[in-house]
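Here is the structure we will look at.
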Amino acid sequence: MDGGVSSRMRWTSGCCCKKPPPSRPLWIRRRAMPRKSETVLAIDLGSMSMKLCCGTLHSNGFTVEHLIEAPLPPNTIREGLILEPAVVARALRQTLNQAGVRHRSAFVAVGGPQVTARPVRLPPMTPEVLRKSIQFEAARYLPSAAEEHLIGFEILHSAEDHLEVLLVAAPRSVVDSVISALERAGVEVALVEIQPFASLRTVHALWQERMPAVFALLDIGGSHTQISVARGGTLALTRYIPIAGETLTAALKGYFHFSEEEVSHIKRSLNLAELLQTGTPQENPPLRLVQPILDELIREIRRSLNYYQSQVQANTKIFSPTQQGTPENKILKTHEGGIETLVLTGGGVLMQGIATYFEHRLGIPTQLFNPFEGEPGLLQIERVHPDQRAQGAQWVVALGTALAPLEQRQPFAPATAPPTEAQAA
Numbered sequence: 040m041d042g043g044v045s046s047r048m049r050w051t052s053g054c055c056c057k058k059p060p061p062s063r064p065l066w067i068r069r070r071a072m073p074r075k076s077e078t079v080l081a082i083d084l085g086s087m088s089m090k091l092c093c094g095t096l097h098s099n100g101f102t103v104e105h106l107i108e109a110p111l112p113p114n115t116i117r118e119g120l121i122l123e124p125a126v127v128a129r130a131l132r133q134t135l136n137q138a139g140v141r142h143r144s145a146f147v148a149v150g151g152p153q154v155t156a157r158p159v160r161l162p163p164m165t166p167e168v169l170r171k172s173i174q175f176e177a178a179r180y181l182p183s184a185a186e187e188h189l190i191g192f193e194i195l196h197s198a199e200d201h202l203e204v205l206l207v208a209a210p211r212s213v214v215d216s217v218i219s220a221l222e223r224a225g226v227e228v229a230l231v232e233i234q235p236f237a238s239l240r241t242v243h244a245l246w247q248e249r250m251p252a253v254f255a256l257l258d259i260g261g262s263h264t265q266i267s268v269a270r271g272g273t274l275a276l277t278r279y280i281p282i283a284g285e286t287l288t289a290a291l292k293g294y295f296h297f298s299e300e301e302v303s304h305i306k307r308s309l310n311l312a313e314l315l316q317t318g319t320p321q322e323n324p325p326l327r328l329v330q331p332i333l334d335e336l337i338r339e340i341r342r343s344l345n346y347y348q349s350q351v352q353a354n355t356k357i358f359s360p361t362q363q364g365t366p367e368n369k370i371l372k373t374h375e376g377g378i379e380t381l382v383l384t385g386g387g388v389l390m391q392g393i394a395t396y397f398e399h400r401l402g403i404p405t406q407l408f409n410p411f412e413g414e415p416g417l418l419q420i421e422r423v424h425p426d427q428r429a430q431g432a433q434w435v436v437a438l439g440t441a442l443a444p445l446e447q448r449q450p451f452a453p454a455t456a457p458p459t460e461a462q463a464a
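One gets our numbering by counting positions in the sequence shown from 1 and adding 39 to each.
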């Protein structure tokens, strides 16, 4: 991988069934580097809202022209599946018209617990044979039939007796619901990808050579939290945890009978660092209410990171003596593949003191990632409102999706018969 962010697992509106709809290509077309300038519309679909990023991609970087968040009614999108396509289409059409955005071809990022990205070990075979057989190899790792998923892969390592492959899959129902809703809004879907890759692309594009060899990427959204581990520029683990912003909102509304607006204000005013103060704790009932919820989220994060580390431990058996933290909150770390830092993104991380609190509980360096901070470079953000710049963590997925043309894309494997023994040989 040479430290780059791979995109071989992403897919367009192409369907991989034997008889795809005639208007949708079977293969993903390769794209060269952008021409002198290219208008880009990227859409990040979440359970509570959709975020739109529109701008111009050129040889020197990306000029952000519009960042727009359109709220969605409850239960419009659930676990990545659009349940109310007419509602999404109407909201998207109105948002584009009000913003004066005429571009009607979009890159879209989807997520949810049904989306899979995990490394697997397969028998040795050529890439050509793997492309033909991945549908069948993937069946053992999917919760339902492989035919019900779009499946992609990335060869991470090739050895004499096995292949290490990153398997990526998403239910066809999720992808089809996205395409259907956007088409109703008059928007052509040029690319559909999963949210972890979009986030990773943003981090890689802005950090470049400063990007750690191994780090964890945490996206706290509305209905779920997504924990990913990136190693060598690609994903080594992705897991969805059903504790997120809506969990905190429901607890505050249910206990204190706050309105939606009051809850939003309360969450932004909380300072989690107060929970770490010694001596007599300050009286802050909302803060005390959310603490056990956040601690449960942290326990799930710790389990995920320790699972990843256990896989590394099986190969190295060597631990770093520099890792801080008590035995209870310690994250295992090896000399090779150890998690160097935790990067926080998403709308749910915009609480004061969250990086400090998570770092204390997990025992690993933690930082809030804001793509609009730091030295000017790839992103030109002169047109971005100061309030949006301050909340840059929630725009990481949309920005990463907008940067997709900087990478080549590989097709999903076609649905076909399993390879013969001669082919496998």
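Backbone N, C-alpha and C fix where the C-beta goes; we use that ideal spot for every residue, glycine too.
Report back the beta-carbon spacing between residue 226 and residue 143 to the nearest angstrom; my notes put them in contact at under 8 Å.
5 Å
Out of curiosity, what's the CA-to-CA distance linking residue 306 and residue 87?
In a straight line, the C-alpha of residue 306 is about 16 Å away from that of residue 87.
On the three-state DSSP scale, how would you describe residue 68?
The predicted model places residue 68 with a pLDDT of 33, which falls under 50 and marks its position as unreliable; any figure quoted below should be read in that light. Coil.
According to DSSP, is residue 249 part of a helix, a strand, or is it coil?
helix
Within the same chain, show all residues whose beta-carbon is closer than 6 Å to that of residue 431, passing over the 5 residues directly before and after it, in chain order.
409, 410 and 411
May I have the straight-line CA-CA distance separating residue 444 from residue 245, to the nearest angstrom?
A direct Cα-to-Cα measurement between residue 444 and residue 245 gives close to 16 Å.
Can you tell me which of the three DSSP states residue 8 falls into?
Nothing in the structure corresponds to residue 8, since the chain is present only between 40 and 464.
Starting from the N-terminal side, write out each stretch of the beta strand (DSSP E) that is 3 residues or longer and does not extend beyond the segment 207-294.
227-233, 253-259, 264-270 and 273-280
Per DSSP, what kind of secondary structure is residue 117 in: helix, strand or coil?
The answer is strand: DSSP assigns residue 117 an E or B state.
What residue range does the beta strand (DSSP E) around residue 109 cover?
Annotation for residue 109: the continuous beta strand (DSSP E) segment containing it runs 100-110.
Taking the runs of the beta strand (DSSP E) that are 3 residues or longer, which of them lie wholly in the segment 130-193?
144-149 and 155-161
I need the straight-line Cα distance from residue 416 to residue 404, nearest angstrom please.
25 Å
Between residue 391 and residue 311, which are expected to be in contact by the criterion C-beta below 8 Å, what is the C-beta distance as a whole number of angstroms?
In this structure, residue 391 and residue 311 form a Cβ contact; the two beta carbons are roughly 7 Å apart against a cut-off of 8 Å.
By how many angstroms is the C-alpha of residue 151 removed from the C-alpha of residue 366?
Confidence at residue 366 is low in this model, with a pLDDT of 41, below 50, so the placement of that residue should be treated as unreliable; the coordinate-derived value is given next. Spanning the two alpha carbons is a distance of roughly 32 Å.
For the alpha helix (DSSP H) containing residue 441, name the first residue and the last one.
Per DSSP, residue 441 is one residue of the alpha helix (DSSP H) stretching across 435-441.
Using 8 Å as the cut-off, can you tell me whether the segment 199-207 makes contact with the segment 238-254, which would need three or more C-beta pairs spanning the two stretches below that distance?
Too few Cβ pairs lie closer than 8 Å, so no.
For a test of the three-state rule: what should DSSP assign to residue 97, helix, strand or coil?
Judged by DSSP in its simplified three-state form, residue 97 adopts strand.
Does the structure place the segment 326-341 close enough to the segment 281-301 that three or more beta carbon pairs sit under 8 Å?
yes
Which runs of the beta strand (DSSP E) spanning at least 3 residues fall entirely within the segment 370-418, listed in chain order?
Within the segment 370-418, the complete beta strand (DSSP E) runs of at least 3 residues fall at 381-384 and 405-407.
If we call anything under 8 Å between Cβ atoms a contact, is residue 277 one with residue 265?
yes
What would DSSP say about residue 304, mapped onto helix, strand or coil?
Helix at residue 304.
Looking at C-alpha atoms only, which residue of 210, 77 and 215 is the closest neighbour of residue 187?
210
What are the boundary residues of the beta strand (DSSP E) that residue 83 is part of?
In the DSSP assignment, residue 83 falls within the beta strand (DSSP E) that extends over 76-84.
Per DSSP, what kind of secondary structure is residue 88 in: helix, strand or coil?
strand
Below 8 Å CB to CB, which residues in the same chain sit around residue 165 once its five sequence neighbours on both sides are set aside?
none
If we define contact as Cβ-Cβ less than 8 Å, is residue 288 a contact residue for chain C?
Judged by its chain identifiers, the structure shown contains no chain C, having just a single protein chain.
Using the C-alpha atoms, what's the distance from residue 426 back to residue 60?
Reliability of the predicted coordinates at residue 60 is poor, the pLDDT of 33 falling under 50, and the value obtained from them is presented with this limitation in mind. Whole-angstrom Cα-Cα distance: 43 Å.
Where residue 170 and residue 202 are concerned, what is the direct C-alpha to C-alpha distance, given to the nearest angstrom?
13 Å
Is the beta carbon of residue 378 less than 8 Å from the beta carbon of residue 254?
yes
Using the beta-carbon count (16 or more within 10 Å), is residue 396 buried or exposed?
buried
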